[in-house]
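Asker: Residue numbers (our numbering): 14 to 65. Quick one: this structure, given as structure tokens, is what I'll be asking you about.
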């Protein structure tokens, strides 16, 4: 991860339906290859694929 920026406000919809207020991630996620910040954030991630 290169950087992490807090998201302090957001206005978003899904199929025209408002997504609601930002909220903390509780309980923490337990899937995937990593974790997420406890509060909404924007992260820039760079992946590297090493070929044999």
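No residue lacks a Cβ here, since even glycine has one placed at the ideal position from N, Cα and C.
Can you give me the Cβ contacts of residue 53 inside the same chain, cut-off strictly under 6 angstroms, excluding the 5 residues immediately before and after it?
Answerer: The residues are 20, 35.
Asker: Over what stretch of residues does the beta strand (DSSP E) that includes residue 57 continue unbroken?
Answerer: Counting along the chain, the beta strand (DSSP E) containing residue 57 begins and ends at 54-57.
Asker: DSSP three-state call for residue 16: helix, strand or coil?
Answerer: Residue 16: strand per DSSP, three-state reduction.
Asker: Opposite residue 26 in the DSSP bridges: which residues?
Answerer: Its beta-bridge partners are 31.
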